[in-house]
Amino acid sequence: MENGWNRIELRVRYSETDAMQVVYHANYLNWFEIGRTEMMRGTGVPYRELELQGILLPVIETRIFFHAAARYDDEILVKTRLVEARVRVQFEYEIVRKADEKLLVSGYTLHAWVNREMKPIQLRKAAPEMYRAIQERVYRAE
Numbered sequence: 001m002e003n004g005w006n007r008i009e010l011r012v013r014y015s016e017t018d019a020m021q022v023v024y025h026a027n028y029l030n031w032f033e034i035g036r037t038e039m040m041r042g043t044g045v046p047y048r049e050l051e052l053q054g055i056l057l058p059v060i061e062t063r064i065f066f067h068a069a070a071r072y073d074d075e076i077l078v079k080t081r082l083v084e085a086r087v088r089v090q091f092e093y094e095i096v097r098k099a100d101e102k103l104l105v106s107g108y109t110l111h112a113w114v115n116r117e118m119k120p121i122q123l124r125k126a127a128p129e130m131y132r133a134i135q136e137r138v139y140r141a142e
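Everything in the sequence shown is counted per the UniProt record's numbering, starting at 1 for the first residue and increasing by one.
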């Protein structure tokens, strides 16, 4: 995990493109979710386990920057890293074309720890062992 990036390889499917065979913009957010889900699984704290304990992590903000287009059948890398995981949780993303390592999209999602009633919680109190596991994966720039 170079610089904290977790990597997932995907191939652009035809259904993810428009009539010009360019990826439809909303699909990048789906890829962000795939990256985030796999990264959380890699921490040893998969979303399924959080939800079984009544802990949810809804998106409260997202920002996406488009640099170049992905096209049908491109192999891409979805890079995800965790940059904050306290009361709020922030993931950063980069999506690059595998063939030339061209940056296609960058962005972030911001989340909040909440219970099933959508009330904010402190994960370090609600599930300290999960909190510690997640803290180990937070990227801290040197």
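Here a beta-carbon is modelled for each residue, glycine too, at the ideal position from N, C-alpha and C.
At the level of alpha carbons, what is the spacing between residue i and residue j?
i: R132; j: R124; result: 8 Å
i: L82; j: G4; result: 8 Å
i: Y93; j: E129; result: 26 Å
i: residue 143; j: E16; result: What is shown of the chain runs 1 to 142, which leaves residue 143 out entirely.
i: L103; j: R48; result: 31 Å
i: R116; j: P58; result: 11 Å
How is residue i classed by DSSP in three states: helix, strand or coil?
i: I60; result: strand
i: A126; result: helix
i: E49; result: helix
i: I134; result: helix
i: A26; result: helix
i: R41; result: helix
i: R71; result: strand
i: E33; result: helix
i: N6; result: strand
i: Y139; result: coil
i: E16; result: helix
i: A99; result: coil
i: residue 143; result: No answer is possible for residue 143: it lies beyond the span of the chain, which begins at 1 and ends at 142.
i: K79; result: strand
i: R88; result: strand
Shortest alpha-carbon distance to residue i belongs to which of the options?
i: F91; options: G35, I8 and S15; result: G35
i: D18; options: A70, V114, Y47 and T43; result: A70
i: V138; options: Y14, V89, L50 and K98; result: V89
i: I8; options: E75, L57 and Q21; result: E75
i: V87; options: I134, A112, Q21 and P46; result: A112
i: R97; options: V114, A85, E84 and K79; result: K79
i: R11; options: E117, N115 and L77; result: L77
i: T43; options: Y14, P58 and I134; result: I134
i: M40; options: Y28, A85 and L29; result: A85
i: L52; options: E136, A141, R140 and A127; result: A127
If residue i sits next to residue j, beta carbons under 8 Å apart, how far is it from one beta carbon to the other, in whole angstroms?
i: I121; j: I55; result: 7 Å
Return no unless some Cβ of chain D is closer than 7 Å to the Cβ of residue i.
i: R116; result: The structure shown has no chain D; it contains just one protein chain.
message = Using 8 Å as the cut-off, can you tell me whether the segment 63-71 makes contact with the segment 92-111, which would need three or more C-beta pairs spanning the two stretches below that distance?
response = Three or more pairs of CB atoms, one per stretch, sit closer than 8 Å, so the segment 63-71 contacts the segment 92-111.
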